[in-house]
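In full-length UniProt numbering, the protein residues as written are 1 to 244. Don't be surprised by glycine CBs; every beta carbon is placed ideally from N, CA and C. Since the structure comes first, as structure tokens, the remarks are kept for the end.
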């Protein structure tokens, strides 16, 4: 196995982000690149991932970049540095701004900010990553070029109190499905991890570890069995058919 297989996780944090990075490091990746705004949390996540890898006797390198991904110039600079870190094999985009957005009280600037986080930054990442992942796919080696994004059921069941997040998640899902149509034929597995409710460490199904397990199952699919989505529901059901 290549000693430079690299996972880039954008939107690291104490929930889904670090759970996905820890599990993927335990099972496959040697390099983990984390991007997020909070340097203190980034360091905590780095230590969590290293500890998780050590428990299964794997040697993993974790690097962190403190980045506000709405600053597209800074994001592009960080991605260029990640490019030198190792051979990109998977992008996991987990960034989102989750906050109430009451109708007509929420400012237009807030809508713009949410769109920059969930869509413009995602587009910039895809623009950088897809050529690398397509090139990886063309090598014919035992690799799994993959681009995954955390989404929700808001695109089909919006919440008025979260109308801004509902809007940008719908747009994000459309972008990801468009990427799937364009790049799956070129050997890149593009998929949505659809989280069907509120994430909590105490939730039976919607806890970070279970979501990470299902994200791994999506990542690990053989090409002939690729799906574009996995949906994790509050009642514990896991749906592999398109839900959004």
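Exercise. What residues in its chain sit with their C-beta under 6 Å from that of residue 72, if we drop five residues either side in the sequence?
Worked result: 124
Problem set entry | Between the CA atoms of residue 55 and residue 168 - distance to the nearest angstrom | 38 Å
For this session: Would you please verify whether the beta carbon of residue 110 is less than 8 Å from any beta carbon of chain C?
Result: In the structure shown, chain C does not exist; there is a single protein chain.
Exercise. Beta carbon of residue 107, beta carbon of residue 162: below 8 Å?
Worked result: no
For this session: Using only alpha-carbon positions, find the residue among 147, 136, 78, 218 that is nearest to residue 178.
Result: 147
Problem set entry | Rounded separation between residue 186 and residue 103 - CA only | 42 Å
Exercise. Just the Cα atoms here: how many angstroms apart are residue 34 and residue 116?
Worked result: 19 Å
Exercise. Exposed or buried, which one is residue 159 when buried takes at least 16 other CB atoms within 10 Å?
Worked result: exposed
Exercise. Any idea which residues DSSP pairs residue 87 with across the strands?
Worked result: 5
Exercise. Taking the Cβ atom as the reference point for each residue, do residue 4 and residue 31 lie within a distance shorter than 8 Å?
Worked result: yes
For this session: Check whether the Cβ atoms of residue 49 and residue 18 sit closer than 8 Å, and answer yes or no.
Result: yes
Exercise. In whole angstroms, what separates the C-alpha of residue 200 from that of residue 135?
Worked result: 38 Å
For this session: Take the Cβ of residue 189 as the centre, count every other Cβ of all protein chains shown within 10 Å, and call the residue buried at 16 or more, exposed below.
Result: buried
Exercise. Does DSSP put residue 188 in a helix, a strand or coil?
Worked result: coil
Exercise. Counting along the chain, where does the beta strand (DSSP E) carrying residue 31 start and finish?
Worked result: 31–36
For this session: Would you check if the distance between the CB atom of residue 121 and the CB atom of residue 75 is smaller than 8 Å?
Result: yes
Exercise. With a Cβ-Cβ cutoff of 8 Å, do residue 154 and residue 92 count as a contact?
Worked result: no
Exercise. By the 10 Å Cβ neighbour count, where 16 or more other Cβ atoms means buried, how is residue 242 classified, buried or exposed?
Worked result: exposed
Exercise. Which ranges would you report for the alpha helix (DSSP H) in the segment 38–88 if only whole runs of at least 4 residues count?
Worked result: 39–55, 72–83
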